[in-house]
Each structure stands twice: as structure tokens, then as C-alpha cells.
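Working notes, beginning with the structure itself.
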Amino acid sequence: MVLQTIWFFLWGFLWAVFFMTDGFDFGVGTLYPFLGKSDQDKRIMINSLGPLWDGNEVWLITAGGVTFAAFPTLYAVMFSSLYSALMLILFALILRGVSFEFRGKVDDPRWRKIWDTCIFTGSFLPALLFGVAFANIFKGLPIDHNGIYHGTLFTLLNPYGLLGGVLFVMLFLVHGALWLAIKTEGDLHHRAASVANKLWPVLLGVVVIFLIASKFSTRLYDNYLAHPAFFIVILITVFALFGIKYFMVKETFFKAWFASALTIVGATFYGIIGLYPDMFPSTIDSQFSLTAHNASSSPLTLKIMLIVVIIFIPVVIGYQIWAYTLFKGKVTKEDLAYEEAY
Amino acid sequence: MDVVLLSRLQFAAATMFHFLFVPFTLGLSILVAYMETRYVKTGDETYLRMTKFWGKLFLINFSLGVVTGITLEFQFGTNWSRYSAYVGDIFGSLLAIEATVAFSLESILLGVWIFGWKKLSQKAHAAVMWLVAFGSTLSAVWILIANAWMQSPVGFTIRDGRAELVDFAAILFQKHAIFKFLHTVSAAYVLSAFFVMGVSAYHLLKKQNVDFFARSFKIALGFGTIFSFIVVITGDINGVIVAEKQPTKLAAMESLWDTTTRAPVYLFVLPDEDNEKNKIEIGALPGMLSFLVHHDINAEVRGLKEFPKDERPPVLITSFAFKGMVVLGFYFILATVLGWWKRKRLVDSSKYLKLMLLSIPLPYVACELGWIVSEVGRQPWIVYGLMKTSDAVSPIATSQVLTTLIAFIMVYGLLGVTGFYLIAKNAKKGPEPAVN
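If you're matching them up, the sequences are chains A and B in order.
According to the working numbering, the first sequence holds residues 320 to 661 in order.
According to the working numbering, the second sequence holds residues 1242 to 1677 in order.
Below, the structure written as C-alpha cells:
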């Protein structure tokens, strides 16, 4: 059914937007203890995300909500199967969120240290675990005919799953470093740019390994071989990946960040296209796999939800872009003097 | 302990903790938007200082509300997967609409508000806060429509072994949803008004920033009085709706065992669930319950014995929570009406100010009791009359849920302590001194 296919790709699109937006927050948070040498550096790093991170996290809620609405069976099986991993992500996100708000509220180095640790953990852990979770979805999980998961948290930590985790962490680190290069000046700017430059070849290496490993660990390429036109998505993604390097060398960091955003969206769609129509493949028997067709809502719900997202997703993107343009420009020492600054 | 009980405890802990912060957000966003609008219109710096002071408390609170809300959306999948699969066609879409239409608006624009003081014109900045308030309220609309559907499922049919949507409008516009929304949101406004009045009372007692806090108090008093009345009126209407749609909940609220005409309300009841009677009944108001729910003192009200034992909610918890909520509801009216009498000489009314300071926690208690009535009173059903809570739980290991339950209690406990410490610290500190 066409509606289910549309929803399948919308579902992928929303996750891609979440990774693209909150991805640089995760990156900045993971770089935080390494690049934030002084308290001032740290505050500039947090304030570079200040007005935007909460809006970015909204895409997680939207992606989660849409999973529930459009594919309730998938929502039920996926989130109960990935119980421990998802709970770890949620706790990490809780800590990250309150850390931004709490850190500057008490003037005591020990107090700040607690929240500094939470910012790092709360950014690194979701980046890693989202990667692990999605790689395992690409690969398939031991799900029986009742949608019951026969595994544990450690089942997810197989080599391919971990490789997915590393891939996400690298993507977000580069994304975050580029964001900092755009948003900061002076020494911090140079350090961020240099980190992005150093991490890029590592990212390239991980991407190549992941593309090869996917051949052996997943069935993603079946769709590409059946419809070779889809290889264009991989080409665009790799092209965007090299675009990052190209613009970094020219020191046009906004363009480099944009290329990085495109790389993340491309990487998500690389998996989504390969997965179709599966959404949660079973490694026990492919008959037990959840697909866009057997896990979806009724046609009426899909139609109503389609109208809602066609109207409101562009509106949300519209005012989010407005927020981004409102806060363009570098975060400086002077900005930290405002009482509303984190 | 089994997965059902652990999952229930976890969901209760998570929602009740979340709801320590949500009502304040709902009410304060409006009060702060109002204060900022007054500043834009009059140019009076005091209103600006009020906006910043109450705004800061609002923000600490908001961040806790947001982060604890995220786990809730995912817990339906993690812990209640059979429920999610069975009713996701309806319930999931309501949550998804909330995220897309409302939550994004409040979250994205709140960032703009916090950091946008120098980037936007005064008018635009105030307008952004109104949009945040609008987004928060809209969020409540969708969440409460979803909850109302669990209380009184409508607009669906059972097809392919699950509940599927047939009439969306019936779900959106059912009485249960409308009055649940009005009642909950009014309660939230009462809570935030009592918070502002209580903190203002603290400073007025110390005679510091008297003009600032007397004006804050009066703004909150007006707001709080209106909604103290509305919360009781809508509560009464909700009682009628519950009597019609959820007779077991109503009987449990009043601890009524036998079906009776001229059903009384007792001022105090101690139910004895094992023997299907009340151990203690004090202060009967004959016909009162019949009158409240059917507007006729001789009308018949169905008692708990009319329903199978395994379809009755826990009577003791439901009835105590209900009585407590009602008593507090009337107290809020009294306290605010008293405030009108005292409002011209607030600074000298130290007893009243002390009372209002001590009253800060009471609306919090009332809100939580309200949810206990609503959710415990719905048991054993997760969707009233359609699906039992025990059939709704995920097929997961007890140890997993036990681990996360402990983690929830620890993390939320620490967050709660830290959050309220910061709120109290900033509330006590008072506003920044006037520039001139």
C-alpha cells in the first residue's frame, strides 16, 4: 500500500532530521571535556548550543511519536526489545538537559564538575547507543512470531552493532567540531577546526569499513542491487563526505557543516532504503520481521497523520530555521555576561 | 513482585514526578507573558524585573518538566508494549500530534525567548512568550485527550485483533476530554498562582522588595481566584461524567458498596475492602451523592457490589485521594477569597502571609491526588472496559524493570532535590535590584 511506503520514508526522514540536528549537540557535548580548557571555553561551548538544543531534541519526540502513531506494532516490539539500551539513552538525555540549565546556577567548581561529567556522558552515550541500535536494526534481531525479543543488552554489542556506534560517534564528533568552528573565535575556534580536520580521515575510514561490513552483516544491498538507481544515495553521501574536507580546507566552515549534515542524512537514508520494507528484521525467521506493511496503523490513522505532518512539519522546520538564523554569528565573551546565558 | 506491578510503580513514579513540574510551567508561562506584556505596554521597569525573576524560576522548572516528559513517551513502548500495539492506532496518533503541533512550538520558541532579549523587539519578545504559553497549553490538550480516551474509549472498532480508529472527531470532542482538560489546566493555574503568592508572601513578611512582591501577589491572586472556582466547578462536572462513564470509579471515590437511592456523601469514610463495607462512616449528608451526580437527591447510584470483584479499583486509595483533593479544592477558594479581603494591607497581614507561604505545597498535593483518583480509580483497566492493565504489559524480564525502577527513583530523587533546591534558592534570593 502506497500510504505505508510514504510513512516508511517519512519515518526515516524524521530520524534523519533528529540525527542531523541533535547530532551536533551530541558532538559538542562529547568534545566538551577535551576542547573546553577553561571555564570560559566550556561556557562558550554550551552557549553555542544554548538556544537550539532543546528544539533539536524535539525531533526525537516527533520521531518517537510518529513511530507510535504510524507503526504501533513496531513501536511496541522495538522499544520493548531495546528496553535497556533505550532507557540508558533516556537517562543520559535527562542528565544532559538539566546539566545545561543547572551548571551555572551555583558558583562552585565542584558543582560545575558534576554537571560537566553529565554533559559529556549525556552526549556521548546517546550518540553511541543510537548507532548501536540502528546498526542492529539493519542487521536484524532475534524476534519470534509473537514479537518477543530473545536477547539482552549484550546481544546488541556485537561487532557490527559496535561499528555502527563508532560510526555515529564519529559523524557527530565531526558535525559538532564544525559547529564549534562556526560559532567560536580565537583559540577555541582553531582547536575545533583542527579537531575536525584530524577526525575527518578517521570518519572516512569508519564509513568505508561500515559500507563493506554491511555487505557481510546485513541484507541492505539487496534493494540496491534490485534497483541500482538507489546507488545514487550512497554516491551523494560519499560526495558530501568529501565536501566536508573540501570546505574545511577552504575554511568555509558553514558549508563544511552543511556537507556534514547532508552526510548524516545520507547515511541514515542509506540504511533506510536498504531496509525497506523491513523495519525490524527478525534473525530467527524473516517471516517474523516487522515491515512497513504488517506493523502499520489503519489507513484512516495514516491518512489523518499524513495531513497533520504535511501541514505542521514544514511549519516547525520554518520556525526552527528562523531560530537558527536569529542566533547565527559567533558566541563571544561578551555574550556570557548576559544573565540569561548558561 | 511481577512485571505488571513494577511497571505500574515505574510509570506512577515517572508521571507523578513529571507532574510536579508541568502545572507550574502551564501557569507560569501565562503569568510571565502577562508581566512582560505589561512591561511592553507601560515601560514600567518593575514589570521587566518581574518577568526576569519569575521567568528564571519558570526556566529551572521547565527544564525538569521537559526531560522527564521524554521518558514518558517512550515508556508506553518499553513497558506497555501490548497496550501500545493494541491501541496505538488511536493513542499513538494523539501523542504524535502533541509532539508535532505543540511540543515543538514551546521548545523551539522557549530557546528564542531565553536568549532573544537583544535579538528581538520588545513586542516580538513578549509575543514569543505568549506562543510558548500557547504551545504548553496545546500540549496539555492533546495529552489529556489521550488520557480521556483511556478513561472513556470512543470512536473505534475492534478489527484484526486491535482497536482501530473510526471517528476521530468523537475522540477529540467527547465531554470527558473537554472537562478533563479544563479541570487539569485550571488546577495547574491554581498551583502556579499559589506558588507566586507563597514566594511573594515570604518576601513581604521580610519586608523586602515590597512593591515588587505586592504587585506579583496581586497578579497571582486574580489569576488564582478565578481558577480556584473553575477547578471546583469543572471537578463537579467531571464527577457527573465519571458517574456516567466509569461507575466503578465513582463508587470507589465515595466508597459506596451497595446500590442505593438517596446515596449519601460521608465527610469521612474508612473502607474495608475484604468485607465489602465501610469500617467507619462519619458525617453522612443524605442524598448528597445522588444530587451531585444526577442532580436529584432521590436518584439511584450504583455501588461497588454490583460489579465483579476483579473489576473494582482499590477503594481505600481512590476514596482517600478523592476526599483529600476535594478538601484542598475548597481550601483554595477560601484562601484566595481571604486574599481579596486582605489585598489592600497585605504587608500588615502577617498571619495571612504565613498561611500563604505554608500553602505552597498544597496545590502540588492536590494535583497528584487528582491523578491518583483518575488513574488508580480506573484500575483494573488500562483502557476502561476494553483492556486490563495486567494484559497490557511488555513481555520483558522482571530484572530489567526492577533495575530501571531503581534507576528512576535514584535519578529522579536526585533531580527533584536539586531542582527544588535551585528553585528555592532563587526564589529566596529575590529579583535583581532595579537599575535606576
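A virtual CB, placed ideally from N, CA and C, is assigned to each residue, including glycine.
Legend entry - Interface partners of E1405/B on chain A, CB under 7 angstroms: Near E1405/B (Cβ distances below 7 angstroms), the residues of chain A are S617.
Legend entry - Where S601/A sits in the DSSP three-state scheme: S601/A: strand per DSSP, three-state reduction.
Inset, instruction - Starting from the C-beta of E1339/B, find all residues in its chain whose C-beta is less than 7 angstroms away, skip the five residues before and the five after it, and write them out in chain order. - result: Spatial neighbours of E1339/B in its own chain (CB-CB distance under 7 angstroms, excluding positions within 5 residues in sequence) are listed in chain order as S1380, W1383 and I1384.
Inset, instruction - Might you give, ordered along the chain, the residues of its own chain that have their beta carbon closer than 7 angstroms to the beta carbon of I563/A, omitting 5 neighbours on each side? - result: Correct list, in chain order: V493, W519, A575, A578, S579 and T582.
Inset, instruction - Could you name the residues of the same chain whose beta carbon sits closer than 7 angstroms to that of V1431/B, not counting the 5 residues immediately before and after it, in chain order? - result: Setting aside the 5 residues that flank it on each side, V1431/B is surrounded in the same chain by G1465, F1468, S1469, V1472, F1573 and P1604, each with a C-beta closer than 7 angstroms to its C-beta; the list follows chain order.
Inset, instruction - Mind checking which residues open and close the beta strand (DSSP E) that includes L1678/B? - result: There is no way to answer for residue 1678/B, as the model of chain B reaches only from 1242 to 1677.
Inset, instruction - Decide if the region 1264-1273 of chain B is in contact with the region 1418-1431 of chain B; the criterion is three or more beta carbon pairs, one per stretch, under 8 angstroms apart. - result: By the C-beta criterion, the region 1264-1273 of chain B is judged to be in contact with the region 1418-1431 of chain B, since at least 3 inter-stretch pairs fall below 8 angstroms.
Inset, instruction - Can you say whether P618/A is buried or exposed, counting buried as having 16 or more other CB atoms within 10 angstroms of its CB? - result: Answer is exposed; the Cβ neighbour count stays below 16.
Inset, instruction - Following the continuous alpha helix (DSSP H) through T349/A, name the residue where it begins and the one where it ends. - result: From DSSP, the alpha helix (DSSP H) with T349/A extends over V321 to L354.
Inset, instruction - Count the C-beta pairs between the region 467-477 of chain A and the region 556-572 of chain A that are closer than 8 angstroms, then say yes if the count reaches three, no if not. - result: They do not touch, by the three-pair rule.
Legend entry - Close-in-space but distant-in-sequence residues of the same chain around F1563/B (CB under 7 angstroms, 5 per side omitted): Closer than 7 angstroms at the Cβ level, and outside the excluded window around F1563/B, lie M1494 and V1614.
Legend entry - Bridge-paired residues (DSSP) for W1358/B: According to DSSP, which records beta bridges pairwise, W1358/B is partnered with nothing at all.
Inset, instruction - State the beta-bridge partners of R1400/B as determined by DSSP. - result: For R1400/B, which the question treats as bridged, DSSP gives the partners R1403/B.
Inset, instruction - Spell out whether any CB of chain B is found under 7 angstroms from the CB atom of G450/A. - result: Among the CB atoms of chain B, none fall inside 7 angstroms of the CB of G450/A.
Inset, instruction - Could you spell out where the alpha helix (DSSP H) holding E1286/B opens and where it closes? - result: Note, E1286/B: alpha helix (DSSP H), E1286 to N1320.
Inset, instruction - Pull up the CB-CB distance for S1345/B and T381/A, whole angstroms please, since I reckon it's below 8 angstroms. - result: Contact holds; Cβ gap of about 7 angstroms.
Inset, instruction - Identify which residue in F573/A, L621/A and F457/A has its Cα closest to the Cα of S533/A. - result: Selection F573/A, L621/A and F457/A evaluated against S533/A yields F457/A as nearest (Cα-Cα).
Inset, instruction - Answer with yes or no whether the minimum CB distance from L1652/B to chain A is below 7 angstroms. - result: Before going on, a small fix: residue 1652/B reads as Val here, not Leu. Yes, contact with chain A.
Legend entry - Members of the region 1308-1329 of chain B near chain A, C-beta cut-off 9 angstroms: So the close ones are V1308, T1309, G1310, I1311, T1312, E1314, F1315, Q1316, F1317, G1318, T1319, N1320, W1321, S1322, R1323, Y1324, S1325, A1326, Y1327, V1328 and G1329.
Legend entry - Distance, F487/A Cα to T571/A Cα: One C-alpha to the other measures close to 24 angstroms.
Inset, instruction - Starting from the C-beta of R1543/B, find all residues in its chain whose C-beta is less than 7 angstroms away, skip the five residues before and the five after it, and write them out in chain order. - result: Annotation for R1543/B: P1488, A1492 and T1500 place their beta carbon closer than 7 angstroms to its own, counting only its chain and skipping 5 residues before and after.
Legend entry - CB contact flag (M397/A, T1645/B, <7 angstroms): Cβ atoms of M397/A and T1645/B: not closer than 7 angstroms.
Inset, instruction - Verify the CB distance criterion: does V377/A have a CB-CB separation below 7 angstroms to chain B? - result: Yes, V377/A lies at the interface with chain B (some Cβ there is under 7 angstroms from its Cβ).
Inset, instruction - Can you pull the chain B residues whose beta carbon is under 7 angstroms from the beta carbon of Q639/A, in chain order? - result: Neighbours of Q639/A on chain B, chain order: I1349.
Inset, instruction - Using beta-carbon positions only, say whether F573/A and I501/A come within less than 7 angstroms of one another. - result: Between F573/A and I501/A, the CB-CB gap stays under 7 angstroms.
Inset, instruction - Could you work out which residues of chain B lie near M624/A, taking near to mean beta carbons separated by less than 7 angstroms? - result: Ordered by position in chain B, the residues that pass the 7 angstroms Cβ test against M624/A are S1334 and A1337.
Inset, instruction - Counting only the same chain and skipping the five closest in sequence on each side, list residues whose C-beta sits under 6 angstroms from that of R510/A. - result: Closer than 6 angstroms at Cβ, skipping near neighbours: L354.
Inset, instruction - State the start and end residues of the unbroken beta strand (DSSP E) segment that holds A1525/B. - result: Looking at the DSSP string, the run of the beta strand (DSSP E) that includes A1525/B is K1518 to L1526.
Inset, instruction - Measure the C-alpha to C-alpha separation of W334/A and G450/A and round it to an integer number of angstroms. - result: C-alpha separation (whole angstroms): 12 angstroms.
Inset, instruction - For D1537/B, count neighbouring C-beta atoms within 10 Å of its own C-beta (all shown protein chains included) and say buried if the count is 16 or more, exposed if not. - result: Around the beta carbon of D1537/B, fewer than 16 other beta carbons sit within 10 angstroms, so the residue counts as exposed.
Inset, instruction - Could you tell me whether the Cβ of S1615/B comes closer than 7 angstroms to any Cβ of chain A? - result: Chain A contact via Cβ: absent.
Legend entry - Limits of the alpha helix (DSSP H) - the one that V627/A falls within: For V627/A, the uninterrupted alpha helix (DSSP H) run begins and ends at P618 to L645, by DSSP.
Inset, instruction - Determine whether the Cβ of V627/A lies closer than 7 angstroms to any Cβ atom of chain B. - result: Answer yes: the Cβ-Cβ gap between V627/A and chain B drops below 7 angstroms somewhere.
Legend entry - Cα-Cα separation, L490/A to M339/A: Roughly 10 angstroms between the two C-alpha positions.
Legend entry - W1622/B: first and last residue of the uninterrupted beta strand (DSSP E) it sits in: Here the beta strand (DSSP E) through W1622/B covers W1622 to V1624.
Legend entry - Within 7 angstroms, strictly: CB atoms of R415/A and G441/A: A contact, by the Cβ cut-off of 7 angstroms.
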